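Visitor:
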DNA sequence: TACCTATGAACTTATATACCTGGCTTCT
DNA sequence: AGAAGCCAGGTATATAAGTTCATAGGTA
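In my numbering, the protein residues as written are 300 to 481.
1. What distance in whole Å lies between the Cβ atoms of residue 308 and residue 373, which are believed to be in contact at a cut-off of 8 Å?
2. Once the 5 residues before and after residue 484 are set aside, which same chain residues still bring their CB inside 8 Å of it?
3. Taking the alpha helix (DSSP H) that residue 467 falls in, what are its first and last residues?
4. Here's the rule I'm using: 16 or more other beta-carbon atoms within 10 Å means buried, otherwise exposed. How should residue 435 be labelled?
5. Between residue 375 and the rest of its own chain, which residues show a CB-CB distance below 7 Å, the 5 nearest in sequence each way excluded?
6. Would you list the residues sitting across from residue 451 in a DSSP beta bridge?
7. With DSSP collapsed to three states, give me the class of residue 326.
8. Where residue 317 and residue 347 are concerned, what is the direct C-alpha to C-alpha distance, given to the nearest angstrom?
9. List the whole-angstrom C-beta distance separating residue 306 from residue 403, where the pair is believed to meet the contact cut-off of C-beta under 8 Å.
10. Have a look at residue 395 and residue 453 and give me their C-alpha separation to the nearest angstrom.
11. Starting from the N-terminal side, write out each stretch of the alpha helix (DSSP H) that is 4 residues or longer and does not extend beyond the segment 327-380.
12. Can you list, in chain order, the residues of its chain with a C-beta nearer than 7 Å to that of residue 399? Leave out the 5 residues immediately preceding and following it.
13. Under a Cβ-count criterion, where at least 16 other Cβ atoms within 10 Å of its own Cβ denotes burial, should residue 300 be classed as buried or exposed?
14. Rounded to whole angstroms, what is the Cα-Cα separation between residue 381 and residue 466?
Here is the structure:
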């Protein structure tokens, strides 16, 4: 069972913002400290995903629990800007999911040293003194899998949820084959 | 050698995972 | 006072973004 824990998306509005003014107009849900970071932060509610808006009109949504939530936050951003007459009307406007961060469970404790060998040294990184997880980059898959001795797994870097799910299924098979020989 | 351009990396945010360490508090 | 426990932060992963600073290379 692959569970989404974080969705990151980015988009473009075909306008240039004066973030100082935008932050002032929007009020307390906006936070802008150009000395610290060039983006303006926007959070609709305490536990809501974070939106980072840039001078160029580009923006990022981080911390969504689903693709739907990321899109609904984007819609709220568009509505908010429209209400404040910073209307981003353009054909160039776009938004896409850039990264799904997921967790999953293999249901058994893992011998990470055996897995490093079994999954292939060229595809794995395991330095327990540096980080307790095994970093696995399955060849061909455009995502990265972190495996922990507890059997818990993190799948990250995928733009497509189905890719993350398929990758986990493959890893699940590979791991059970390797551990059967161990 | 001096100056200019180009590249690249750190910064920030979210999030799970887990292991170590330092600092602080609490209990004996 | 010393031991024990707890909490926070650093370690690593992906990804977008703009700014800023460093370094590399090339040209004069």
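In this text, a Cβ means the ideal position worked out from N, Cα and C, and glycines have one as well. Note that the structure is predicted; figures quoted are calculated from it, not measured.
Guide: From the atom records:
1. 7 Å
2. What the structure shows of the chain is the stretch from 300 to 481, and residue 484 is not part of that stretch, so it cannot be assessed.
3. 460-480
4. buried
5. 343
6. 404
7. coil
8. Taking the straight line joining both Cα atoms gives about 24 Å.
9. Rounded to whole angstroms, the Cβ separation of residue 306 and residue 403 is 16 Å, and the two are not in contact under 8 Å.
10. In a straight line, the C-alpha of residue 395 is about 22 Å away from that of residue 453.
11. Within the segment 327-380, no complete alpha helix (DSSP H) run reaches 4 residues.
12. Same-chain partners within the cutoff: 303, 306, 457, 460, 463.
13. exposed
14. 40 Å
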